[in-house]
Amino acid sequence: MGGQEQRLSSPTWFSHLSSSARRVKSLSPISDAHETPVRSSLVRRLGLFDLILLGVGASIGAGIFVVTGTVARDAGPGVTVSFLIAGASCVLNALCYAELASRFPAVVGGAYLYSYSAFNEITAFLVFVQLMLDYHIGAASISRSLASYVVALLQLFPVFKDIIPSWLASGQELLGGMLSINILAPILLALLTLILCRGVGESSTVNSVMTATKVVIVIVVICAGAFDIDVENWSPFVPNGFKAVLTGATVVFFSYVGFDAVANSAEESKRPQRDLPIGILGSLLICIALYIGVCLVLTGMVPFSLLSEDAPLAEAFTSKGMKVVSVLISIGAVAGLTTTLLVGLYVQSRLYLGLGRDGLLPSIFSRVHPTLHTPVHSQIWCGIVAGILAGIFNVHSLSHILSVGTLTGYSVVAACVVALRLNDKGGSHVSSGWMSSWQEGIICLLVTACSGFAAGVCYRFSASVIFLFLSVGMAIIASAILHYRKAYGQSPGSGFCCPGVPVVPCVCIFFNIFLFAQLHYEAWIRFLVVSVIATAVYALYGQYHADPSSNATTLIYQRAPQTESP
């Protein structure tokens, strides 16, 4: 009888899952920029200049050498406006990232960590899985493009002309295209993984050299092309209407998504609270300036209808008889894709490190090499997954299901700013009738997200403008309620504060989900399927092993001697 009562009183599997999923990671904001964690095995080697180059290296790649021509074929010279709109949206997202990076400057995790602290454990795990799938497929796709550019450069030398087999370059298709064998892409991934395992100092040096090279090449391209611009090619500036420009903005938006790499380097930054916000915003502004300059030169040199979709910059300069600049562009493309891939692999390993520490993944992912001070196991795992995808699959066919995790992660980060401000004000304990101010705020954020999706669907299918205005109006009302209630406080500490809270985060959420609605149907299916699988993994493993208060993740801080120069 006593055993039966004990079984009845013990928590059920579902109740345990429910309580585990609602767990929150408690992290105290650090107000002193010179405080460093005692228990961290990573080494703080990245200065402000390294962080800016990290962000630029993650962003400037295929976007500037390929996407510009693809979008310009539809938007015309208005592609410049597309990049400007997308850049402005990313600046708003970067403001949210900058506040949270300054608020929690001493631990890795990025969007995963922020959502774990602001919402709950299951939300954080879902964000991680969606982001990680983007990173893995993206790394495989970029490595394939990099292999093609490397082969193209090698073929400039007569000794390599027409002798490189397809299975070493673009890939050799098998089984009717289901498989596509490529050997060079996994080799390149292995080399970059080795560099990253050697240490953040070595990988930062490689990234800095390659990023500086491609930035110099892009500036040379802009300056050289500026003398060959025909302003008549800019007329009409928006030949296919503003809708084509806005659609172009949804495509080029993903050319900027590299600044989150800076936030994920928090534990290896020398002065994280000061340098992370500057690195995030500084790298993004540099990318915006370079993109706009290239767009103006490209559409000014060649009529937009004649631009190549594969290598628009190189072919534009070749058509003008500037073959030397075309070679420089190819070198810049190799440098750009290399740094994008390098930083992408770096970010992946740090995210795995964070989950390994929290117990949501096996502890092997949390191990840091005692002498190299890098998460070697996590880094090798990321290289293996990307290498397999790049070696046997035509991952370009999966490109239309990418960016789901990025848009989801950015939206959650923006929501985290508001949710944490609500907590700062004691919103979870301040009742306004039948619900707390924190719950009221979360409902407003959900209404904003749903309104963004509805507006995106209306725009995508050319629905009545009335429905579009209704969706926008609902988002405005939800933002106004948040602003009117004044239930949010100022971000604690002396770090960076996102201006215009809650309006700026709400705008970020609305536009990000608006872009989400523009993605292919298969991307929506991927979001649902991956979320279900991730929930199952959490239910079977994560809920039993996760420990948000673990000593491996709750770092102890003490004041370190100030040895770095400002």
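Numbered per the numbering used here, the sequence shown spans residues 5 to 570. Note that beta-carbon positions come from the ideal geometry of N, C-alpha and C, so glycine has one too. From a predicted model like this one, the values you see are computed outputs, not experimental measurements.
{"query": "Where residue 18 falls, given that 16 or more other Cβ within 10 Å makes a residue buried", "result": "exposed"}
{"query": "Residue 289 Cβ short of 8 angstroms to the ligand GDP heavy atom set", "result": "No copy of the ligand GDP appears in this structure; indeed no ligand is present at all."}
{"query": "Reduced DSSP category for residue 196 - H, G, I as helix; E, B as strand; rest coil", "result": "helix"}
{"query": "7 angstroms CB neighbourhood of residue 203 in its chain, flanking five on each side removed", "result": "376, 377 and 378"}
{"query": "Outcome for residue 329 when other beta-carbon atoms lying within 10 angstroms are tallied against a minimum of 16", "result": "buried"}
{"query": "Spatial distance of residue 518 from residue 457 (CA atoms)", "result": "5 angstroms"}
{"query": "Beta strand (DSSP E) runs contained entirely in the segment 424-482, provided each spans 3 or more residues", "result": "none"}
{"query": "Reference residue 67, options 473, 199, 296 and 535, closest by Cα", "result": "296"}
{"query": "Every unbroken alpha helix (DSSP H) inside the segment 277-338 [4 residues or more]", "result": "316-323"}
{"query": "Proximity to residue 324 [Cα-Cα], best of 304, 198, 214 and 78", "result": "304"}
{"query": "Under 9 angstroms between C-beta atoms of residue 140 and residue 352", "result": "yes"}
{"query": "Straight-line gap, residue 411 to residue 521 (C-alpha atoms, nearest Å)", "result": "10 angstroms"}
{"query": "Residue 265 burial status per 10 Å Cβ neighbour count (16 or more: buried)", "result": "buried"}
{"query": "Nonlocal neighbours in the same chain, by C-beta distance under 7 angstroms from residue 137, ignoring five residues either side", "result": "409 and 534"}
{"query": "Residue closest to residue 102, alpha-carbon to alpha-carbon, out of 338, 49 and 414", "result": "414"}
{"query": "Cβ pair residue 298, residue 75 closer than 9 angstroms", "result": "no"}
{"query": "Whole-angstrom distance between residue 58 and residue 64, CA atom to CA atom", "result": "10 angstroms"}
{"query": "Beta-carbon spacing of residue 155, residue 172 below 9 angstroms", "result": "yes"}
{"query": "Distance between residue 134 and residue 531 (C-alpha atoms, nearest Å)", "result": "7 angstroms"}
{"query": "Within-9 angstroms CB hit, residue 411 to chain C", "result": "Here there is only one protein chain, and chain C is not present."}
{"query": "Cβ-based burial, residue 21 [other Cβ within 10 Å; buried from 16]", "result": "buried"}
{"query": "Rounded straight-line distance, which links the Cα of residue 499 to that of residue 452", "result": "27 angstroms"}
{"query": "Nonlocal neighbours in the same chain, by C-beta distance under 8 angstroms from residue 121, ignoring five residues either side", "result": "28, 29, 30, 31, 108, 420 and 424"}
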